[in-house]
Amino acid sequence: MQYYSQIASPSGLYQGWQRVEANDGAPGLDGVSVNKFDVAFEQHLARLHRELTTFTYRPLPLRRYEIPKSSGKIRSLAVPAVRDRVVQSSALIVLQPIVERELEHCSFGYRPGLSRLDAFEHIRQFRDRGYRWVIDADIEAFFDNVEFGLLLRRFGELIPEHHTVALVEQWVKSDLLVDGKRVKRSRGLPQGSPISPLLANLFLDKFDEELLKHNHKLVRYADDFIILCKTKPRAEEALRLTEDALGVLALRLNPEKTSITSFDQGFKYLGAVFVRSVIVPSKKEKMGTHQFVTRKKTVKAMAQRKRIGAPDKRAAGADRQHAKSRAQEAQLADGVAPKDSAPTEFGEQLLGTLAAKNMSIGDLVSRPLQERDAEARQDESAALPADLSPFMRTLYIQEQGCWLKYSQDKFIVSTGGEEGVPLMEIPTLNVHQVMIFGSCLITPAAMRYALLHAIPITLLSSRGRYFGRIDNTEGADVSLERRQFLSSTDGQFVLDMAKRIVAAKLNNTRSFLQRHQQKHRAESVRKAIEQLGRAAEAVTKAETVDAVRGFEGHGSAVFFDVYDDLFSVDGFTFQKRIRRPPTDPVNAMLSFGYTLLFYNIFSMVRAHRLNPYVGSLHADKTNHPALVSDLIEEFRCVIEGMVLGMINKRIVSPGDFSSVAGETDDRASDDASSSKAKPCILSDDARKVFIGEFERLMHRQITHPGTGYTVTYRRCLDLQVQNYVQHLRGEKEYTPFTKR
Numbered sequence: 049m050q051y052y053s054q055i056a057s058p059s060g061l062y063q064g065w066q067r068v069e070a071n072d073g074a075p076g077l078d079g080v081s082v083n084k085f086d087v088a089f090e091q092h093l094a095r096l097h098r099e100l101t102t103f104t105y106r107p108l109p110l111r112r113y114e115i116p117k118s119s120g121k122i123r124s125l126a127v128p129a130v131r132d133r134v135v136q137s138s139a140l141i142v143l144q145p146i147v148e149r150e151l152e153h154c155s156f157g158y159r160p161g162l163s164r165l166d167a168f169e170h171i172r173q174f175r176d177r178g179y180r181w182v183i184d185a186d187i188e189a190f191f192d193n194v195e196f197g198l199l200l201r202r203f204g205e206l207i208p209e210h211h212t213v214a215l216v217e218q219w220v221k222s223d224l225l226v227d228g229k230r231v232k233r234s235r236g237l238p239q240g241s242p243i244s245p246l247l248a249n250l251f252l253d254k255f256d257e258e259l260l261k262h263n264h265k266l267v268r269y270a271d272d273f274i275i276l277c278k279t280k281p282r283a284e285e286a287l288r289l290t291e292d293a294l295g296v297l298a299l300r301l302n303p304e305k306t307s308i309t310s311f312d313q314g315f316k317y318l319g320a321v322f323v324r325s326v327i328v329p330s331k332k333e334k335m336g337t338h339q340f341v342t343r344k345k346t347v348k349a350m351a352q353r354k355r356i357g358a359p360d361k362r363a364a365g366a367d368r369q370h371a372k373s374r375a376q377e378a379q380l381a382d383g384v385a386p387k388d389s390a391p392t393e394f395g396e397q398l399l400g401t402l403a404a405k406n407m408s409i410g411d412l413v414s415r416p417l418q419e420r421d422a423e424a425r426q427d428e429s430a431a432l433p434a435d436l437s438p439f440m441r442t443l444y445i446q447e448q449g450c451w452l453k454y455s456q457d458k459f460i461v462s463t464g465g466e467e468g469v470p471l472m473e474i475p476t477l478n479v480h481q482v483m484i485f486g487s488c489l490i491t492p493a494a495m496r497y498a499l500l501h502a503i504p505i506t507l508l509s510s511r512g513r514y515f516g517r518i519d520n521t522e523g524a525d526v527s528l529e530r531r532q533f534l535s536s537t538d539g540q541f542v543l544d545m546a547k548r549i550v551a552a553k554l555n556n557t558r559s560f561l562q563r564h565q566q567k568h569r570a571e572s573v574r575k576a577i578e579q580l581g582r583a584a585e586a587v588t589k590a591e592t593v594d595a596v597r598g599f600e601g602h603g604s605a606v607f608f609d610v611y612d613d614l615f616s617v618d619g620f621t622f623q624k625r626i627r628r629p630p631t632d633p634v635n636a637m638l639s640f641g642y643t644l645l646f647y648n649i650f651s652m653v654r655a656h657r658l659n660p661y662v663g664s665l666h667a668d669k670t671n672h673p674a675l676v677s678d679l680i681e682e683f684r685c686v687i688e689g690m691v692l693g694m695i696n697k698r699i700v701s702p703g704d705f706s707s708v709a710g711e712t713d714d715r716a717s718d719d720a721s722s723s724k725a726k727p728c729i730l731s732d733d734a735r736k737v738f739i740g741e742f743e744r745l746m747h748r749q750i751t752h753p754g755t756g757y758t759v760t761y762r763r764c765l766d767l768q769v770q771n772y773v774q775h776l777r778g779e780k781e782y783t784p785f786t787k788r
């Protein structure tokens, strides 16, 4: 009951209550408002905790609210009681990171860090790559037609916990009070429940996978989606596949609202107008230097939804805030429409309005084309271009002499040649990067698939030394790299970044020692904590990058001087950090852990279209990814903690290591003696255990200091890369990763 216990815990319920309080919203069936709940929230939370832990919790029926839509129609909301919204919000906090790992890169709605503007940017990228035909689709009454059995079966596959599934089932099947009568619901997701958007995304994930499996370019925001194609026949084929894929989910398209169109003809999606090479929001969002405002009726409806609705408005509010804060910067209208295109009625309406005002499409944007291209970017919290997803699911290949093949949307690892025995088969959708240790042959088909789908293949020796990387070169962002290079010549920017990174590293190292000092009470560790504290304070006053580097080196030396004082088992000794080559088991594990972490960050840096070789703290060197070396510093203590845990928990033993005559390394060694020493390496079995521990670490959940989200360490790495991009563009100050 791991997840259920977290949902039912006092801390989980309190976090859920904080979300409900921030979202406000109308009372449910019991008439208890957020303000009234707040008066005695401690008693309410204690009661919920008791009911959940004794399995006597039962949600109240949903209360119906009707809200006018901008079209004149009525939108029906089914709102849970405040107490039930608290438990659902607690569940959302626990379950969202798990569901997020399953969702595909084409889904943008109700996801942390993503907004409508990200979907617009994604559409623009596909359009610029020649995908001009569009299936503008509408699922007929999606939220009213979600089949209970299919949804709960899918949820149970992902969260195989009986009590958690039963809890979600209660919410999904809650009765609805209509005109004073209690009505049982046979299908559908209540629009008004905090958990519904998450379940909707999970339910439609199989649909996403089916479309992506056939290499269709899908952009989905909740139940609104479009499919982009290069030719009309391809669009017709995609439409047939869409109908079949939805049929599997007992859903169907609304034929009156589904059509095949094109950018030349024009279409609407998520409140924006897409025509030719222009994207114009129709709601109150600034795009470039122009502002487009919704009709008063729409604004009024939005205001009413704010007063009444209690669904996951945190996500919707984030979208509005992101759009507001990024309005001046988001510039998605780029280029001039071809003169020979023939827009249909929809496109003609826009072009006719412009003609009446004596304007051309190009006049919609005041900045020159080259400047617009340089300034084009995503929303403040955008994760990244969706076709380069950073939530790395890594395929590690360690079997010497094996083959990596591709066949029918699967990567196959096998022994021997073409007729070799398969060792494993992995759906390509589940692989976002490949790391190969030692000798492995890659077939042309596997390499071609990896290159076409931006799946980097990192090549290392069997001992973890980096050889190279197979990666495509698409998606370069010249404007972003230009900012990087210009920033690297800005002394103040470089000094500021170096100070932030090193101060965070020193504080994280100090916090690491403080946690262990509570158990060990070693005098040497106490002194090290004091020295690190003084160094962290002094680095903020440093006036040169060299001085900052000096504090970083001093802090590392202080830490490694006492690192072995934290070992609680015999057999492992550590005198100092030796890197090239590592000559003892502890150094071997540290080096291997840093390597795995380094190339995870490298992949994310590349995915965000940064140049990995231009940094701040680390000096420029040929073939040295200085930016990756910068960003890893804040996270080194995570690897040091993992290695310490593996030693103290006896996950590894001295017998798992051996010293061998090593491969040569052209890089400078740490000192003359180590250059003559034999490298210490992990055995094959120990390396597999180590990688398993590393992956468990990457999936461990923490609170990201910059956003407040509960995320995995791997997601945290990505958020830091995003933060650096925002800092480069002057959108947001860089907030280093800090541990407490």
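Under the numbering used here, the sequence shown is numbered contiguously, ending at residue 788. Think of the CB as a built atom: it goes at the ideal place given N, C-alpha and C, for glycine as much as any other residue. Keep in mind that this is a model prediction, so the values were computed, not measured.
| Check | Outcome |
| --- | --- |
| Residue of Asn659, Phe742, Lys669, Leu443 minimising C-alpha distance to isoleucine 699 | Phe742 |
| Alanine 129 - containing beta strand (DSSP E), residue span | That residue, alanine 129, is in no beta strand (DSSP E); it is neither H nor E in DSSP. |
| Beta-carbon proximity check, glycine 236 vs phenylalanine 191, cutoff 8 angstroms | yes |
| Buried versus exposed call for lysine 547 [16 or more other C-beta atoms within 10 Å across all chains shown] | buried |
| Reduced DSSP category for alanine 94 - H, G, I as helix; E, B as strand; rest coil | helix |
| Identified DSSP bridge partners for arginine 309 | One detail in the question is off: residue 309 reads as threonine in this sequence, not arginine. Threonine 309 pairs with Val182. |
| Status (buried if at least 16 other CB within 10 Å, exposed otherwise) for alanine 358 | Caution applies to alanine 358, whose pLDDT of 37 falls short of 50 and renders its modelled position unreliable; the value that the coordinates give is listed next. That one is buried. |
| Residue environment, serine 59, which counts as buried when at least 16 other CB atoms sit within 10 Å | exposed |
| Length of the line joining the Cα atoms of glutamine 239 and alanine 129 | 13 angstroms |
| Methionine 472 versus arginine 441: straight-line alpha-carbon distance, rounded | 15 angstroms |
| Cβ distance (whole Å) where proline 630 is taken to contact proline 727 below 8 angstroms | 6 angstroms |
| Length of the line joining the Cα atoms of aspartate 544 and valine 550 | 10 angstroms |
| Whole-angstrom distance between arginine 282 and proline 208, CA atom to CA atom | 39 angstroms |
| Per-residue DSSP class, three states only, for leucine 61 | helix |
| Environment of alanine 364 [buried if 16+ CB atoms lie within 10 Å] | Note that alanine 364 scores a pLDDT of 40, beneath 50, so its modelled location is shaky and nothing firm can be said. |
| Bridge-paired residues (DSSP) for serine 462 | Trp451, Pro470 |
| 6 angstroms CB neighbourhood of lysine 232 in its chain, flanking five on each side removed | Asp223 |
| CA-to-CA distance, lysine 265 to alanine 185, given in whole angstroms | 13 angstroms |
| Serine 664 versus aspartate 678 - alpha carbon distance | 7 angstroms |
| Beta-ladder partner(s) of arginine 201, from DSSP | DSSP output for arginine 201 lists no bridge partner at all. |
| Aspartate 192, DSSP secondary structure in three states | helix |
| Alpha helix (DSSP H) runs contained entirely in the region 549 to 574, provided each spans 4 or more residues | none |
| Other residues of its chain near proline 145: CB distance less than 7 angstroms, five sequence neighbours each side excluded | Gln749, Thr758, Val759, Thr760 |
| Cβ neighbours of glutamate 781 in the same chain (closer than 7 angstroms, five flanking residues each side left out) | His775 |
| Cβ-based burial, serine 414 [other Cβ within 10 Å; buried from 16] | Caution applies to serine 414, whose pLDDT of 33 falls short of 50 and renders its modelled position unreliable; the model cannot decide the point. |
| 7 angstroms CB neighbourhood of alanine 56 in its chain, flanking five on each side removed | His97, Leu100, Thr101 |
| Start and end residues, beta strand (DSSP E) containing leucine 782 | A quick correction: the sequence has tyrosine, not leucine, at residue 782. First-last for tyrosine 782: undefined, no H or E at that position. |
| Straight-line gap, threonine 670 to leucine 507 (C-alpha atoms, nearest Å) | 19 angstroms |
| Every unbroken alpha helix (DSSP H) inside the region 230 to 272 [4 residues or more] | 244 to 261 |
| Glycine 314, DSSP secondary structure in three states | coil |
| Ordered list of beta strand (DSSP E) runs contained in the region 501 to 544, each at least 3 residues | 505 to 508, 514 to 518 |
| Meets three-Cβ-pair contact criterion under 8 angstroms: the region 451 to 468 and the region 490 to 498 | yes |
| Environment of serine 567 [buried if 16+ CB atoms lie within 10 Å] | Here the sequence assigns lysine to residue 567, which means serine is not the residue at that position. Lysine 567 comes out exposed. |
| CB-CB length for glycine 754 against leucine 767, believed under 8 angstroms | 6 angstroms |
| Threonine 643 vs tyrosine 514 beta-carbon contact at 8 angstroms | yes |
| Candidates Gln481, Pro475, Leu299, Asp272, of which the one nearest arginine 517 by Cα | Gln481 |
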